[in-house]
Amino acid sequence: MSAPSLPVIRQTAGRGAARAAARRRSTAAGSDRRPGWVTYTLLTIAVIASVLPLYYAFLLATSTAPEISRNPIPSLIPQGHFFENVSRVLNSDIQFWKALSNSVIVSTITALSVVLFSTLAGFSFAKLRFKGRNALLVFVIATTAVPTQLGIVPLFILMSQLGWTGKLIAVIVPGLVTAFGVFWMTQYLESALPYELVEAARVDGASMIRTFWHIALPAARPAAVMLGLFTFVASWTNFFWPFIVLGSQNPTLPVAIQLLQASYFKDMSLIMAGVTVSTIPLIILFFIAGRQLVAGIMQGAVKG
Amino acid sequence: MATSTSSPQLDSGPQHDPERVPRRVGFSQTLGRWDVKVSPYLYISPFFLLFALTGLFPLVYTAYVSVHDWNLIGGKGAFVGLENYVFVVQEPNFWKSLRNTFSIFFISTVPQLVIAIVLAAVLDANLRARTFWRMGVLLPYVVAPVAVSLIFGKLFADKSGLINTVLGNIGIDPIGWHSQVLASHVAISTMVDFRWTGYNTLILLAAMQAIPRDLYEAAVLDGASRARQFFSVTIPMLRPTLIFVVITSTIGGLQIFDEPRMFDQTGQGGPSRQWMTATMYIYELGWGNQKSFGRASAVAWILFLIIITIGLINFSITRRIASDNATTKRKKVSR
């Protein structure tokens, strides 16, 4: 990183040294050399593999069931039946609108709550002094290795006792704060929030919660946005627990969409229209915030 | 300094009022000290409360349910000891579900890691439109597993599926993606990899970019080719991240449910349960025809012990590798 640039080398050490440096750098990490066509070919294949199944789903969603059963690739360009198929999804008995609004409610509340409680805990772990801090933080990290999904039977019993089965609250409550979130915010605030700021706020007479709200929370914003995004995506795509505890009466989107396949006649154009409309919101989110998702995964990887 | 530490209730800034501050010192100080002492615990408590209630308690209680005759509708029945365990262990479907779970896990994880490493190495180059390529590989991550499974269910359909049609056009016999055991596992693994390869690629890419560049320069000075650099510098330096990726995919992978559940219409894992996973078996026992929470819990508890055991093995291997790493720098990865 701190190595001088090639023009600098040329000016200070001569042309030969610059050429040698260029050669060395190009054979070394490869980070300065422009890659060749092999690289771009591989990447193109990877991106096509990512996009093609989704495009295929869209293609089928624009076609009709008889056409699809005649030929699995009815056409390479979209046909004109998309809105007709979508309206069949909307008017089917899967309660699409209810599922959509349920998904929006659950994912939004979960994301906001995870961000709030994780930042609160992260602030405490990263910047406050208290007994047992390290042990407790290790405990938080260790819980990420616990397969909590296997506790579904008692969790279901608990929800029935509370009378929550079939209600959104049964899906929201278990996800209100996650170990990953706490760990993530702790990591971030440790480096992003200077002790001096916290001290200064305390000296000025701010209470703990005020310090959190006015100092820690604003400092945590970039990481909080990423955490919120990841939580939103995870919650939106979650199937197992909503499927068990909500059932088809009050579904989230994945629970509703799978019902399209359950009918005895498998209408591919209908199923794929459902797949497409249920995926579009997240694709839009991805185009707006995909950059943040990429950065989030990469930052988490280096620290974690 | 200490006098101005206000309590949450006195937030509105009593320190600006010179008259009132001296009178309140004692009270405010006590509250302030209490604030400093208790707040840290208060702030981390939501996680611990929630984990205790919806994570730990259900897991522990699973053991309790598993030694009872417990019905979804009828509720708790008599204590039956290990009867539920004896029952499930004698069921061929139980062993099938374990076999399928591990088979799908291996078939999905190994190629996924290889592809992710290669893609990460490719992305590590000085690319044009870097963000575009990174986002391109991550796109499938935002698609719900249910949607992925519905799409791939059509791709892998036995009759009139896209893949079998293409195979037929180039003169290869259609593959029984839904009828054969191994083929169905490959199909389900493909769905898992479609969604997660890009994600893990970015994790590995970040780890690659964190490798100090002078290691490569030293390798070049020693005359290492690019391939040699990759295997002798990149891969060993990626080991901690690889272990992290493997551990996280173990925990998730052994609980797989969505993709195999959606792979056909009935969601039972095939006519002879050839792709029924352990979590699907738990669901079938508890919410299927039997409605036996006792038996479902027995399977859940067994699976829990298996995952914890694997986790501990992983952990000890990781530690051994880490300590090995300290003494001998150069070593090949086992996987």
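Protein chains in written order, with the numbering used here: chain A, 1 to 304; chain B, 1 to 335. Virtual Cβ for every residue (Gly too), placed ideally from N, Cα, C. This one's a predicted model, so the numbers in the text were calculated from it and none came from an experiment.
Practice item. State the DSSP-derived secondary structure class of F152/B, mapped to helix, strand or coil. Key: helix
Review point. For D69/B, which three-state DSSP category applies?
Key: strand
Practice item. Indicate the three-state DSSP secondary structure (helix, strand or coil) for S292/B in the structure shown. Key: strand
**Study point:** Continuous beta strand (DSSP E) stretch holding A78/B: start and end
**Key:** G75 to F79
**Study point:** As assigned by DSSP and simplified to three states, the class of D93/A
**Key:** coil
Point to revise | Start-to-end residues for the alpha helix (DSSP H) that takes in L221/B | key: R213 to L221
Practice item. Pick helix, strand or coil for P66/A, following the three-state DSSP scheme. Key: helix
Practice item. Please list the partners that P218/A has in chain B, where partner means a Cβ-to-Cβ separation under 8 Å. Key: Neighbours of P218/A on chain B: none; closest Cβ ~17 Å, over 8 Å.
Exercise for review: Indicate, with yes or no, if the ligand NAP has a heavy atom lying under 7 Å from the CB of T110/A.
Suggested key: Summarising the ligand content, the structure contains no ligands, and the ligand NAP is consequently not present.
Review point. Considering only C-alpha positions, which residue in the set F96/A, L293/A, A219/A and S107/A is nearest to V275/A?
Key: F96/A
Point to revise | Limits of the alpha helix (DSSP H) - the one that V171/A falls within | key: I169 to I172
Exercise for review: Please report how far the alpha carbon of A28/A lies from the alpha carbon of M237/B, in whole angstroms.
Suggested key: Only weak support is given to the placement of A28/A: the predicted model assigns it a pLDDT of 47, under 50, and the question is left unresolved by the model.
**Study point:** DSSP state of E91/B mapped onto helix, strand, coil
**Key:** coil
Review point. Since A179/A is in the alpha helix (DSSP H), which residue starts that stretch and which ends it?
Key: A179 to A192
Review point. On the three-pair Cβ rule with 8 Å, is the segment 130 to 150 of chain A touching the segment 303 to 322 of chain B?
Key: yes
Review point. I94/A touches chain B at which residues, Cβ-Cβ below 7 Å?
Key: Residues of chain B passing the Cβ test: none, with the nearest at roughly 12 Å.
Practice item. Check whether the segment 117 to 137 of chain B touches the segment 43 to 53 of chain A, taking contact to mean three or more Cβ pairs, one atom from each stretch, closer than 8 Å. Key: yes
Review point. G166/A CB to nearest chain B CB: under 8 Å?
Key: no
Point to revise | Minimum Cβ-Cβ distance from Y56/A to chain B less than 8 Å | key: yes
Check your understanding: So what does DSSP say about N126/B, is it helix, strand or coil?
Key -> coil
Review point. What span of residues does the alpha helix (DSSP H) with R34/A cover, start to end?
Key: It is not in any alpha helix (DSSP H) - R34/A carries neither H nor E in the DSSP assignment.
Exercise for review: Give the interface partners of F123/A over in chain B, defined as CB-CB distance under 7 Å, in chain order.
Suggested key: Y43
Point to revise | P254/A, DSSP secondary structure in three states | key: helix
Review point. Quick one: is R320/B buried, meaning 16 or more other Cβ sit within 10 Å of its Cβ, or exposed?
Key: exposed
Check your understanding: Name the chain A residues whose beta carbon is nearer than 7 Å to that of D35/B?
Key -> S207 and M208
Point to revise | DSSP state of R210/A mapped onto helix, strand, coil | key: helix
Point to revise | chain B contacts from the segment 256 to 289 of chain A (Cβ-Cβ distance under 9 Å) | key: I257, Q258, L260, Q261, A262, S263, Y264, K266, M268, I271, M272, G274, V275, T276, S278, T279, L282, I283, L285, F286 and F287
Point to revise | Option in N164/B, G269/B and A183/B with minimal Cα separation from P174/B | key: N164/B
Exercise for review: Return the chain-ordered list of same chain residues with a C-beta closer than 7 Å to the C-beta of L282/A, the five sequence neighbours on each side being excluded.
Suggested key: V233 and W236
Point to revise | Per-residue DSSP class, three states only, for S179/B | key: coil
Review point. What's the gap between the Cα of I257/A and the Cα of A120/B?
Key: 33 Å
Review point. Distance, Cα to Cα, V182/A vs G311/B?
Key: 21 Å
Point to revise | Cutoff 6 Å; reference A296/B; Cβ partners in own chain excluding five residues on either side | key: I282, L285 and G286
Check your understanding: Along chain A, in chain order, which residues have C-beta atoms closer than 8 Å to that of M262/B?
Key -> Q258 and Q261
Check your understanding: Using 8 Å as the Cβ pair cut-off and three pairs as the minimum, do the segment 191 to 209 of chain B and the segment 146 to 155 of chain B touch?
Key -> yes
**Study point:** Proximal residues, the segment 126 to 147 of chain B versus chain A, C-beta separation under 9 Å
**Key:** N126, L127, R128, T131, F132, W133, R134, M135, G136, V137, L138, L139, P140, Y141, V142, V143, A144, P145, V146 and A147
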